[in-house]
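Enquirer: Sending over a structure as structure tokens; questions will come in a sec.
Number of protein chains: 2
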Amino acid sequence: MKLLIVDDEPTIVETVEAKFRREGFTTFTADSAEEGMRLFKRVKPDLIILDIMLPQRSGYDFCRAVRKDSATPILFISARADEADRVKGLEMGADDYVVKPFNLSELVARVKAILRRATGEPVRELVERGDLKLDPRSHEAWLGDKPLTLSPKEYALLYFLARNAGQVFSRETLLDRVWGKDAFVNARTVDVHIRWLRTRIEVDANTPERLMTVRGVGYKFVG
Amino acid sequence: MKLLIVDDEPTIVETVEAKFRREGFTTFTADSAEEGMRLFKRVKPDLIILDIMLPQRSGYDFCRAVRKDSATPILFISARADEADRVKGLEMGADDYVVKPFNLSELVARVKAILRRATGEPVRELVERGDLKLDPRSHEAWLGDKPLTLSPKEYALLYFLARNAGQVFSRETLLDRVWGKDAFVNARTVDVHIRWLRTRIEVDANTPERLMTVRGVGYKFVG
DNA sequence: TGCAACCTTCACATCTCCTTAACGAAGGAG
DNA sequence: CTCCTTCGTTAAGGAGATGTGAAGGTTGCA
């Protein structure tokens, strides 16, 4: 993944660049909007980390220019913490907004979150569907006030289906999104996990009311 | 108010010094622990801003030396954001701990806060979860009223998990946050430390109730 | 220098969970 | 009604994750 860092403070650039290199990113840096623009056109980065406060042209201008002919994700860094700036940044098409001083791990997490989002991967957030609750942070699940015990795969599958409730997914899609792209697994494996999930969250596993089969297509979560 | 800044990166020293001069402080700077020690004895500063990563003697040594015969407030600057360093720093008698890259205004605010506290109360982020108590400042831990003996790593790990109770962390994240970013350590090492912690804080180390394993994900502290 | 505490790693034991296969049941088309 | 496809269901085997004890090495301290 290619990362373009545009900031005029060398300390920040160095620290951020080092961190992302360690994380396996390829990094390019610029200390001005002009330089940044040149690099942007040349390297076509997957994401831009952009300081709003730049010498001449402000980060806003830069953002606008990038947005004109690209949807490259942009993450704003700013010393200002007020809501007006945040709103302005996000309005302008920024994908996230981090206030200085920030934690490096936090920054990495956010960048990864944006890239995940861009590639369709889900963001980790609490999912609540009826009396079913899933918290990916603690990796806990409840049915009403009763805690559920789920295996890792069960959890991942249920989380995905509940998060995209109402939508039908084929077994192949589920394998792709839940198991991962490099998983070479028999599609029928999904059936088994669905079965197990039904025994856990359905009143009667034989007459499902949440995890529904769509014959010839796949499965969906309703609620 | 006299301020001693000890850091070997000229960029940082200059920026920080300029900022504090504008704020009305009298500043002295040193780019090594030796130089810093000489200045410290001569000018008797009211507060020391100290980079942990110094050429020869580390900032820790410097801090220890200062603490031997003075209670001069010390604020640590570090590129590392991990919990172990933070704990180590505070335990060593630092009054605060700022991670690079930092915001200048933030730094000023923290310095002022320390000076306002005068000779008074230290920054202690006491963590209390049920009958478990952790005081990073004194590096003491209690289980109920029984004092715990923990090794530095054990302490840092438990402190981090307890402070972020309820949240699951992967071994990799724990290595990153507790061990530090430049630690190239086998992920399974975490298991061993968890094991040791369990023998200390769990009633039965084989059936943990606080330090829980989340299979396929990592560990979390509950309570 | 020697000791002691501690950290890391390795090897092996244990256990959970995933995958697969097999067969039965249900749905749909002709 | 019958055949073919799709789905449900169960159990077994194995892969992979975690638990656990011990050895080796490092660091700090006396």
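Same order as they appear, the protein sequences are chains L and R. Take the first sequence: its letters are residues 0 to 222, numbered as in numbering that gives the first Met the number 0. Take the second sequence: its letters are residues 0 to 222, numbered as in numbering that gives the first Met the number 0. Note that CB positions come from ideal geometry on N, CA and C, so glycine has one too.
Identify which residue in L:L133, L:G23 and L:A29 has its Cα closest to the Cα of I11 of chain L.
Expert: Among L:L133, L:G23 and L:A29, the Cα nearest to that of I11 of chain L belongs to L:A29.
Enquirer: By alpha-carbon positions, which one of L:R128, L:V189 and L:N163 ends up nearest to K152 of chain L?
Expert: Closest by alpha carbon: L:V189.
Enquirer: With burial defined as no fewer than 16 other Cβ atoms inside 10 Å of the residue's Cβ, what is the status of E208 of chain L: buried or exposed?
Expert: So E208 of chain L ends up on the exposed side.
Enquirer: Would a C-beta distance cut-off of 9 Å place L106 of chain R and K1 of chain R closer than the cut-off?
Expert: Contact flag unset, no.
Enquirer: Could you work out which residues of chain R lie near R162 of chain L, taking near to mean beta carbons separated by less than 7 Å?
Expert: Within 7 Å Cβ-Cβ: nothing; R162 of chain L doesn't reach chain R, min ~17 Å.
Enquirer: How would you write the range of the alpha helix (DSSP H) that V139 of chain L sits in, first residue to last?
Expert: Residue 139 of chain L is actually Glu in this sequence, not Val. Per DSSP, E139 of chain L belongs to no alpha helix (DSSP H); it is in the beta strand (DSSP E), E139 to L142.
Enquirer: Let me check one thing: in DSSP terms, what residues is L210 of chain R bridge-paired to?
Expert: Partner(s): R:F220.
Enquirer: Suppose only complete runs of 3+ residues qualify. What are the beta strand (DSSP E) ranges in the stretch 17-74 of chain R, listed by chain order?
Expert: As far as the stretch 17-74 of chain R is concerned, its whole beta strand (DSSP E) runs of at least 3 residues are 25-29 and 46-50.
Enquirer: Go to K1 of chain L, then tell me how far its alpha helix (DSSP H) extends in each direction, as first and last residue.
Expert: Not the alpha helix (DSSP H): K1 of chain L falls in the beta strand (DSSP E), residues K1 to V5.
Enquirer: Under a CB-based cut-off of 9 Å, is E22 of chain R close to chain L?
Expert: Judged by the 9 Å Cβ criterion, E22 of chain R is not in contact with chain L.
Enquirer: Out of L:G217, L:E34, L:S69 and L:R199, which has the shortest C-alpha to C-alpha gap to G243 of chain L?
Expert: One cannot answer for residue 243 of chain L here, as it falls past the ends of chain L, which runs 0 to 222.
Enquirer: Pop quiz: A93 of chain R and C62 of chain R are said to be a contact at Cβ under 8 Å. What is the actual Cβ separation, rounded to whole angstroms?
Expert: Right, the Cβ-Cβ distance comes to about 6 Å (below 8 Å), so this counts as a contact.
Enquirer: Ends of the alpha helix (DSSP H) at E171 of chain L?
Expert: Note, E171 of chain L: alpha helix (DSSP H), R170 to L173.
Enquirer: I believe T26 of chain L touches E16 of chain L by the beta-carbon criterion, under 8 Å. Please report the beta-carbon distance rounded to the nearest angstrom.
Expert: About 5 Å separates the two Cβ atoms, so the contact holds.
Enquirer: Which residues share a DSSP beta bridge with E127 of chain L?
Expert: Paired residue(s): L:K132.
Enquirer: So if I threshold CB-CB distances at 7 Å, which residues from the stretch 145-171 of chain L count as touching chain R?
Expert: Within the stretch 145-171 of chain L, the residues whose Cβ lies closer than 7 Å to some Cβ of chain R are P151, listed in chain order.
Enquirer: Kindly indicate if chain R contains any beta-carbon less than 9 Å away from that of H192 of chain L.
Expert: Chain R contact via Cβ: absent.
Enquirer: Counting contacts by CB-CB distance shorter than 9 Å, is R109 of chain L in contact with chain R?
Expert: Chain R, which has no Cβ nearer than 9 Å to the Cβ of R109 of chain L, makes this no.
Enquirer: Please confirm whether T206 of chain R has its beta-carbon closer than 9 Å to some beta-carbon of chain L.
Expert: Chain L, which has no Cβ nearer than 9 Å to the Cβ of T206 of chain R, makes this no.
Enquirer: So, with DSSP's three-state summary, where would you put D95 of chain R?
Expert: Note: D95 of chain R maps to strand in three-state DSSP.
Enquirer: Out of L:I76, L:Y158, L:R176 and L:Q166, state which residue places its alpha-carbon closest to the alpha-carbon of T212 of chain L.
Expert: Nearest option by C-alpha distance: L:Q166.
Enquirer: Could you tell me the alpha carbon to alpha carbon distance between R85 of chain L and A32 of chain R, rounded to whole angstroms?
Expert: Note on R85 of chain L: pLDDT 49, under 50, position unreliable in the model; the coordinate value appears next. Straight-line Cα distance between these residues: approximately 41 Å.
Enquirer: Nearest-angstrom Cα distance between I51 of chain L and G58 of chain L?
Expert: I51 of chain L and G58 of chain L: Cα-Cα distance of roughly 4 Å.
Enquirer: Identify each residue in the stretch 25-57 of chain R for which the Cβ-Cβ distance to at least one residue of chain L is less than 9 Å, and report them in chain order.
Expert: Against chain L - using a Cβ distance shorter than 9 Å - the stretch 25-57 of chain R contributes no residues.
Enquirer: Taking DSSP as the reference, what is the three-state secondary structure of L149 of chain R?
Expert: Reduced to three states, the DSSP call for L149 of chain R is coil.
Enquirer: How would you call G215 of chain L, buried or exposed, if buried means at least 16 neighbouring beta carbons within 10 angstroms?
Expert: Counting Cβ neighbours within 10 Å, G215 of chain L comes out exposed, since fewer than 16 surround it.
Enquirer: Provide the residue span of the alpha helix (DSSP H) that contains E178 of chain L, from first to last.
Expert: For the sequence presented, residue 178 of chain L should be read as Trp rather than Glu. Here W178 of chain L belongs to no alpha helix (DSSP H), and DSSP marks it neither H nor E.
Enquirer: Determine the chain R residues that contact S69 of chain L at a beta-carbon separation under 7 Å, and present them in chain order.
Expert: Going along chain R, no residue has its Cβ under 7 Å from S69 of chain L, so there is no contact; the nearest lies around 27 Å.
Enquirer: Exposed or buried, which one is E139 of chain L when buried takes at least 16 other CB atoms within 10 Å?
Expert: With 16 or more Cβ atoms within 10 Å of its Cβ, E139 of chain L is classed as buried.
Enquirer: Can you check which of these residues, R:F159, R:M36 and R:V42, is closest to L49 of chain R by C-alpha distance?
Expert: Checked all of R:F159, R:M36 and R:V42; the closest Cα to L49 of chain R is R:M36.
Enquirer: Go through its chain and collect everything with a Cβ distance to L125 of chain L's Cβ below 8 Å, but skip five positions before and after it.
Expert: If we look at L125 of chain L and ignore the five residues flanking it on each side, its Cβ neighbours are K132, L133, D134, P135 and R136.
Enquirer: Can you give the Cα-Cα distance for A204 of chain R and L147 of chain R, rounded to whole angstroms?
Expert: One C-alpha to the other measures close to 15 Å.
Enquirer: Can you tell me where the alpha helix (DSSP H) with V191 of chain L in it begins and where it stops?
Expert: Start and end: T188 to I200.
Enquirer: Would you mind stating whether P72 of chain L and I47 of chain L have Cβ atoms separated by less than 9 Å?
Expert: Their beta carbons are under 9 Å apart, which means P72 of chain L touches I47 of chain L by this criterion.
Enquirer: For a cutoff of 9 Å on Cβ pairs, would you count T188 of chain L as touching chain R?
Expert: Not one chain R Cβ lies under 9 Å of T188 of chain L.
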